[in-house]
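Heads up: the sequence shown begins at 1 in UniProt numbering, then just goes up one per residue. Working notes, structure below.
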Amino acid sequence: MASVPAGHGSVPLPSSAKAGNSRSPAALLLRQLFRRRLVVLSFLIMLAILAVALLAPWITPFNPMKMDILGRLKPPTAAHWFGTDEYGRDVLSRVMLGARLSLLVGLLVVVVATVLGTLLGLAAGYIRPLDGLLMRLTDALMAFPDILLAIAFMAALGPSLYNVVLALGIVYTPRVARVVRAACLVVREMPFIEAATALGASTPRIVFLHILPNLMSPILVQATFIFAYAILTEAALSFLGVGVPPTTPTWGNMIASAQQYFQQADWLILFPGCAIVLTVLSLQIVGDGLRDALDPRLQKAK
Numbered sequence: 001m002a003s004v005p006a007g008h009g010s011v012p013l014p015s016s017a018k019a020g021n022s023r024s025p026a027a028l029l030l031r032q033l034f035r036r037r038l039v040v041l042s043f044l045i046m047l048a049i050l051a052v053a054l055l056a057p058w059i060t061p062f063n064p065m066k067m068d069i070l071g072r073l074k075p076p077t078a079a080h081w082f083g084t085d086e087y088g089r090d091v092l093s094r095v096m097l098g099a100r101l102s103l104l105v106g107l108l109v110v111v112v113a114t115v116l117g118t119l120l121g122l123a124a125g126y127i128r129p130l131d132g133l134l135m136r137l138t139d140a141l142m143a144f145p146d147i148l149l150a151i152a153f154m155a156a157l158g159p160s161l162y163n164v165v166l167a168l169g170i171v172y173t174p175r176v177a178r179v180v181r182a183a184c185l186v187v188r189e190m191p192f193i194e195a196a197t198a199l200g201a202s203t204p205r206i207v208f209l210h211i212l213p214n215l216m217s218p219i220l221v222q223a224t225f226i227f228a229y230a231i232l233t234e235a236a237l238s239f240l241g242v243g244v245p246p247t248t249p250t251w252g253n254m255i256a257s258a259q260q261y262f263q264q265a266d267w268l269i270l271f272p273g274c275a276i277v278l279t280v281l282s283l284q285i286v287g288d289g290l291r292d293a294l295d296p297r298l299q300k301a302k
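Pasting the structure below:
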């Protein structure tokens, strides 16, 4: 039998197909995410804020805790770009340090709410007898406004950084639980789940190895929104005096301590307020872009 020359038994792929096959899922996701310039700009702003938060102890122009009574309530100058506060402390340095603590609170709240909400959502979505009980519990929590429920938890727990994280984590758990439960109800009816059940796979194996990986997209999108909500609610709690202790330089505490000086030193509220707005708005826009990139229905609509 005559040998077939190498290459005669295969069909050459077009160059576009080769290029498409060489792209990883992460590269395709980033391409979809960064199709809009506003999302790219918001992502770069978030990276800059994150870099400032991480490097704050080393890049602040002044010691954020050093007081200078003779230089108190000075407007923005070349020396103090954001002015000084009622104790003569540099506002720019305190805003930079406040970014570190405010983002830390938001990140910890995301972790607590995502873990608890995912567990509750998986239990409600896969174990049918628990569905009604767990969903009524989440409905009861979501019946109250977020800020009122957070104030109630803080009144019971007491003001501290970790209690703020715990209270806000519980407040935002129902949001994650409902999203995970809705996605789980869809995934559990798919053929590969039926096949795993028929092969005798245990419930934990089906839930955590087969269902959970297919729910990461909605969980990730919801986490970006909760990050923004947590930063905003923490600032509100600090402003009301029931959040992080006043000695901790968060953006909310800076605004709360500047209330009585607003008429003569409006920059004390302006700059930390702008930092909150910029951070929350950037997170929301990135979250919207991530949702559009991960939702195939939205891509087909375009």
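We treat Cβ as the ideally placed atom computed from N, Cα and C, and that holds for glycine.
inquiry  = Could you compute how far the alpha carbon of Asn21 sits from the alpha carbon of Thr77?
reply    = Because Asn21 carries a pLDDT of 46, less than 50, the predicted location of this residue cannot be relied on, and the following value inherits that uncertainty. Using only the alpha carbons, I get a separation of about 56 Å.
task = Enumerate, from N- to C-terminal direction, the unbroken beta strand (DSSP E) stretches of 3 or more residues contained entirely within the segment 59–84.
result = none
task = Could you check how far apart the C-beta atoms of residue 364 and Ile276 are, in whole angstroms? I think they sit under 8 Å.
result = As shown, the chain starts at 1 and ends at 302. That puts residue 364 outside it, with no answer to give.
task = Go through its chain and collect everything with a Cβ distance to Ser217's Cβ below 7 Å, but skip five positions before and after it.
result = Leu294
ask   = Residues in its own chain within less than 6 Å of Trp81 by CB, not counting five upstream and five downstream?
value = Leu92
request  = Excluding the 5 residues preceding and the 5 following Thr248 in the sequence, name in chain order all residues of the same chain whose CB lies nearer than 7 Å to its CB.
outcome  = Leu101, Leu161
ask   = When you compare each of Trp267, Cys274, Ala256 to Gly83 by their alpha carbons, which one comes out closest?
value = Trp267
inquiry  = Considering only the alpha carbon of each residue, which of Arg291, Val186, Ser282 lies closest to Met46?
reply    = Ser282
request  = Could you say which of Asp90, Ala223, Trp58 lies nearest to Ile69 if we only look at CA atoms?
outcome  = Asp90
ask   = Under the three-state reduction of DSSP, which class applies to Phe153: helix, strand or coil?
value = helix
ask   = Given that a residue counts as buried once 16 or more other Cβ atoms are within 10 Å of its Cβ, and exposed if not, what is Val186?
value = exposed
task = Starting from the Cα of Thr250, find the closest Cα among Gln260, Pro61, Val164 and give me that residue.
result = Val164
inquiry  = Taking the beta carbon of Asp85 as the centre, do at least 16 other beta carbons fall within 10 Å, making it buried, or is it exposed?
reply    = buried
query = In whole angstroms, what is the alpha-carbon distance linking residue 304 and Gly132?
reply = The question about residue 304 has no answer here: the residues shown for the chain are numbered 1 through 302.
Local conformation of Asp90 per DSSP, three classes = strand
inquiry  = I need the boundaries of the alpha helix (DSSP H) containing Met190, first residue and last residue.
reply    = Per DSSP, Met190 belongs to no alpha helix (DSSP H) and is neither H nor E.
query = Using DSSP with H/G/I as helix, E/B as strand and the rest coil, what is residue 303?
reply = The requested residue 303 does not occur in the structure, where the chain is confined to residues 1 to 302.
task = Could you tell me whether the segment 187–203 touches the segment 129–144, where touching means 3 or more Cβ pairs closer than 8 Å?
result = no
query = Should Phe225 and Gln263 be called a contact, given that it needs their Cβ atoms to be closer than 8 Å?
reply = no
task = Report the residue from Ile127, Thr233, Pro75 whose alpha carbon sits nearest the alpha carbon of Val110.
result = Thr233
key: Neighbour-count burial assignment, Met65, 16 or more Cβ in a 10 Å radius   = exposed
query = Once you ignore the five residues that flank Val286 on each side, which residues in its own chain have a CB closer than 7 Å to its CB?
reply = Val39, Ser42, Phe43, Met46, Thr224
inquiry  = Just to confirm, is the Cβ distance from Ala124 to Leu116 under 8 Å?
reply    = no
Which of helix, strand or coil DSSP assigns to Gln284 = helix
ask   = Can you tell me where the alpha helix (DSSP H) with Gly252 in it begins and where it stops?
value = 251–257
ask   = Below 8 Å between beta carbons: does that hold for Ala56 and Met96?
value = yes
Beta-carbon spacing of Ser238, Asn253 below 8 Å = yes
task = Please report how far the alpha carbon of Gly169 lies from the alpha carbon of Ile127, in whole angstroms.
result = 24 Å
message = Once DSSP output is grouped into helix, strand and coil, what is the label at Thr247?
response = coil
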